[in-house]
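One structure is given below, encoded as structure tokens.
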Amino acid sequence: MYKQSVFALILCFLASAALASETVDEQRPMSPDGRIQFSAVTGEYRITGSDDDRLTITGTLGADVRELSIDGDESSWNVKLHPVRGGGRMSRGASSSNLTIAVPHGVEVEASTVSGDIEAENLAGRRVNLQSVSGSIRLNGVVPEQLEVQTVSGQQRMDAAGLRGNRLRSVSGNIEAGNLAGRIDVNSVSGGIRLDGADVEELNIETVSSRATINLKPAANARYRITSHSGNIDLILPADTPLDLRANTFSGRISSDFGGEVRSGRGPGERLDHRTGDGSVQVESKSFSGSIEVRKQD
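Take 0 as the starting number for the sequence shown in numbering that gives the first Met the number 0 and just add one per residue.
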């Protein structure tokens, strides 16, 4: 009986060792304006800007990872987590990868996962491009020249802004973005859209059935275009916005706090053309069956 108990304990120990994580602590020299490409399948990854001129990778590799490769030189690094050959689902109790990747603030960052979550912070390089199929993407204090975020069903949450441009894409995952500025391009099929920002020069939103709530302070001479098939559009602007509004629907309702007469449009729909002040902020909004509401900020 004693021998059987000892044997069982040994088996449990071996099983636990097989499921245990491998510790990672890697460093490489890196140019302050270099580039990093990162890819993985599953796991949790934090990409953060630092004051050091080096690439640092710390954390643990999951049981589904065969190898961590780091290729390139200080101007450009390619970091990849290679999955176990044959793929398949992870065993119950097996650990997943959890890494922190520290890079100089000014580097260009590209990162992609299948179901892994990505969190990025304190980055200010030329470009930040983050992609995931079903993993979530979160950003805080990310202010590159160009920001690009793309998911299929993964959620996007960000307090970040590309200084020259922001390109956000999703199929069914929600997009929540604050502190946006400059030029914004958003495309979603059914995921909800919620945007907040100031000094927004250009806005282009295209959605099928998403509800879009947009609370912005336009830059001078801003140009906004918002289109939807069946999703409702809720645009919120400062009360003193010099607005040139052109809105129409095929069967949806239109309302505006900025005044103007809502008239019958094509079919059972409505249309509204109205100008306040010098009309230097131009807004065009179209929907097939969704409603369009333009409100003044409190």
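Each residue gets a CB set at the ideal place from its N, CA and C atoms; glycine is no exception.
Predicted model, so just to flag it, every value in this text is computed and none were measured.
Hey, would you say residue i sits closer than 8 Å to residue j, going by beta carbons?
{"i": "GLU301", "j": "ARG224", "result": "With the chain covering 0 to 297 only, the question about residue 301 has no answer from this structure."}
{"i": "LEU242", "j": "LEU215", "result": "no"}
{"i": "ARG126", "j": "GLN145", "result": "yes"}
{"i": "SER111", "j": "THR41", "result": "no"}
{"i": "ALA180", "j": "ALA160", "result": "yes"}
{"i": "GLY172", "j": "GLY190", "result": "yes"}
{"i": "THR248", "j": "GLY268", "result": "yes"}
{"i": "PRO28", "j": "GLU73", "result": "yes"}
{"i": "ASN309", "j": "GLY153", "result": "With the chain represented from 0 up to 297, any question about residue 309 goes unanswered, as that position is not in the structure."}
{"i": "VAL108", "j": "ALA123", "result": "no"}
{"i": "GLY251", "j": "THR275", "result": "no"}
{"i": "ALA217", "j": "VAL170", "result": "For the sequence presented, residue 217 should be read as Pro rather than Ala. Not in contact: PRO217 and VAL170 (Cβ atoms no closer than 8 Å)."}
{"i": "SER255", "j": "HIS228", "result": "no"}
{"i": "ILE56", "j": "VAL23", "result": "yes"}
{"i": "GLU292", "j": "ILE232", "result": "yes"}
Checking the sheet assignment: what are the DSSP bridge partners for residue i?
{"i": "GLN149", "result": "GLN130 and ARG168"}
{"i": "GLU200", "result": "According to DSSP, GLU200 bridges with nothing at all."}
{"i": "PRO267", "result": "According to DSSP, PRO267 bridges with nothing at all."}
{"i": "ALA110", "result": "PHE37 and LEU129"}
{"i": "ALA218", "result": "Paired residues: none, contrary to the question."}
{"i": "ARG193", "result": "GLU175 and THR212"}
{"i": "GLN281", "result": "ARG222 and ASP243"}
{"i": "GLN296", "result": "Answer by DSSP bridge pairing: none, since GLN296 is not bridged."}
{"i": "ASP272", "result": "ARG245"}
{"i": "GLU260", "result": "Looking at the DSSP assignment, GLU260 forms no beta bridge with any residue, so it has no partner."}
{"i": "ASP158", "result": "ASN139 and GLY177"}
{"i": "ARG298", "result": "The first residue shown for the chain is 0 and the last is 297, placing residue 298 beyond what the model contains."}
{"i": "SER227", "result": "THR206 and SER286"}
In whole angstroms, what separates the C-alpha of residue i from that of residue j?
{"i": "GLY115", "j": "LEU60", "result": "13 Å"}
{"i": "GLU205", "j": "GLU21", "result": "44 Å"}
{"i": "LEU67", "j": "GLY33", "result": "20 Å"}
{"i": "VAL132", "j": "VAL113", "result": "5 Å"}
{"i": "PHE37", "j": "ASP51", "result": "19 Å"}
{"i": "LEU202", "j": "ARG84", "result": "44 Å"}
{"i": "SER290", "j": "GLU118", "result": "34 Å"}
{"i": "SER49", "j": "LEU271", "result": "50 Å"}
{"i": "ASP158", "j": "SER30", "result": "26 Å"}
{"i": "ARG294", "j": "GLY140", "result": "29 Å"}
{"i": "GLY177", "j": "ILE183", "result": "12 Å"}
{"i": "VAL78", "j": "VAL106", "result": "14 Å"}
{"i": "SER288", "j": "GLY230", "result": "8 Å"}
{"i": "GLN296", "j": "GLN26", "result": "49 Å"}
{"i": "ASP198", "j": "PRO82", "result": "44 Å"}
{"i": "LEU244", "j": "VAL188", "result": "25 Å"}
{"i": "ASN220", "j": "LEU167", "result": "23 Å"}
{"i": "GLU200", "j": "VAL207", "result": "24 Å"}
{"i": "GLY278", "j": "ASP70", "result": "54 Å"}
{"i": "LEU54", "j": "ILE213", "result": "37 Å"}
{"i": "SER209", "j": "LYS285", "result": "14 Å"}
{"i": "ASN121", "j": "LEU129", "result": "14 Å"}
{"i": "GLY134", "j": "GLN155", "result": "9 Å"}
{"i": "ILE253", "j": "LEU234", "result": "11 Å"}
{"i": "ALA246", "j": "THR226", "result": "10 Å"}
{"i": "TRP76", "j": "ALA238", "result": "48 Å"}
{"i": "TYR44", "j": "ILE192", "result": "24 Å"}
{"i": "ILE100", "j": "ILE35", "result": "10 Å"}
{"i": "ARG265", "j": "LEU138", "result": "42 Å"}
{"i": "ALA39", "j": "LEU162", "result": "28 Å"}
{"i": "ASN165", "j": "ASN186", "result": "11 Å"}
{"i": "VAL64", "j": "LEU80", "result": "6 Å"}
By the DSSP assignment, the beta strand (DSSP E) with residue i in it spans what residues?
{"i": "GLY71", "result": "64-72"}
{"i": "GLY181", "result": "174-187"}
{"i": "ASP24", "result": "21-28"}
{"i": "HIS81", "result": "75-82"}
{"i": "PRO103", "result": "97-103"}
{"i": "ASN139", "result": "136-141"}
{"i": "GLU120", "result": "116-122"}
{"i": "LEU234", "result": "232-236"}
{"i": "LEU60", "result": "53-60"}
{"i": "GLU144", "result": "It is not in any beta strand (DSSP E) - GLU144 carries neither H nor E in the DSSP assignment."}
{"i": "SER255", "result": "253-255"}
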